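Participant: Counted from 1, the sequence shown has number 100 at position 100 by this note's numbering; the numbering is strictly sequential.
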Amino acid sequence: MKEILKEIYKQELDKGYADLEIPSEFLKEGYVYKTSKGYKLTEKGRRKIKVVACGGVFDILHPGHGFFLEKAKEYGDFLVVIVARDSTVKKKKRIPIIPEKQRVEMLKYLKPVDIAILGTEGHFLDIIEKILPDIIVLGPDQNFDEKELEKELKKRGLKIEIKRIEEYKNCPLHSTREILKKIVEKRVFT
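Here you go:
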C-alpha cells in the first residue's frame, strides 16, 4: 500500500496528479480522490507516508552529498530533494558549475532520492508549502537557525519537524568548495 501511495505523491509533485491504476479500496478507504485528470492523495492518504524534505546546491556531487541524503532518508518513507536555483546560488554563494536542471537530473539517479525538484526563486519556504513534508532535514554546513526556521514555519501555519544532521562524511574532499580549491591548486585547466 505504502509504495502505491508514494508513487501517487511523487506524480502529484511532478505533474499535479497521478495517472496510475488505483486499487478500488484506496477510494473506498478515503486515501485518494479522483480529479478530471487523475488521482490525488487525501489528507488521510498523505498521512500514511512520512515525507522528508532536504535541500542544497548539489553542484559537484561528492560522498558528503550521498552521506547527507542517506541520513535524511532514514527519517521517513519518501525523500524530496530541493535543488537550489542557479539564480539563488549566484546570490548566496558563487556561480554554479553545473546548471540547475542537470543537478536535478543527476540527483534522480541516487538511491536515497525519491524525487528531486527545483526550488523556487522566491522565499525558500514557498516550495515547502507545496511539498508539505513531515520533516525538514538540514545538513551540518547549512546556515539555518532552527529556532528562526520554526518561527517562519509557524507564521505560515506549518507544523513541520526540523532535524539537523551533525556529522560529515569523513573523506578528503567532503565539500564542493574543497573540490574547487583542489582543482585550482592542481591547475587542472592550464
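The C-beta atom is built at its ideal place from N, Cα and C for all residues, glycine as well. All values derive from a computational prediction rather than experimental measurement.
Tell me which residue opens and which closes the beta strand (DSSP E) that residue 118 is part of.
Facilitator: Counting along the chain, the beta strand (DSSP E) containing residue 118 begins and ends at 115-118.
Participant: Would you say residue 98 and residue 59 are within 8 Å of each other, going by their C-beta atoms?
Facilitator: Closer than 8 Å, so yes.
Participant: Output needed for residue 121: all residues of its chain with C-beta closer than 8 Å, excluding positions within five of it in sequence on either side, in chain order.
Facilitator: For residue 121, where only same-chain residues beyond five positions count, the Cβ hits under 8 Å are 85, 87 and 88.
Participant: Given that a residue counts as buried once 16 or more other Cβ atoms are within 10 Å of its Cβ, and exposed if not, what is residue 176?
Facilitator: By the 10 Å Cβ count, residue 176 comes out buried.
Participant: Do residue 17 and residue 42 come within 8 Å of each other at the CB atom, strictly closer than that value?
Facilitator: Cβ atoms of residue 42 and residue 17: not closer than 8 Å.
Participant: So, are the CB atoms of residue 81 and residue 113 less than 8 Å apart?
Facilitator: Yes.
Participant: Give the DSSP-derived three-state secondary structure of residue 80 in the structure shown.
Facilitator: The answer is strand: DSSP assigns residue 80 an E or B state.
Participant: Using a Cβ distance threshold of 8 Å, determine whether the region 63-83 contacts the region 21-30, with at least three qualifying pairs required.
Facilitator: Short answer: they don't touch.
Participant: Mind checking whether residue 20 and residue 11 have CB atoms under 8 Å apart?
Facilitator: The answer is yes: Cβ separation under 8 Å.
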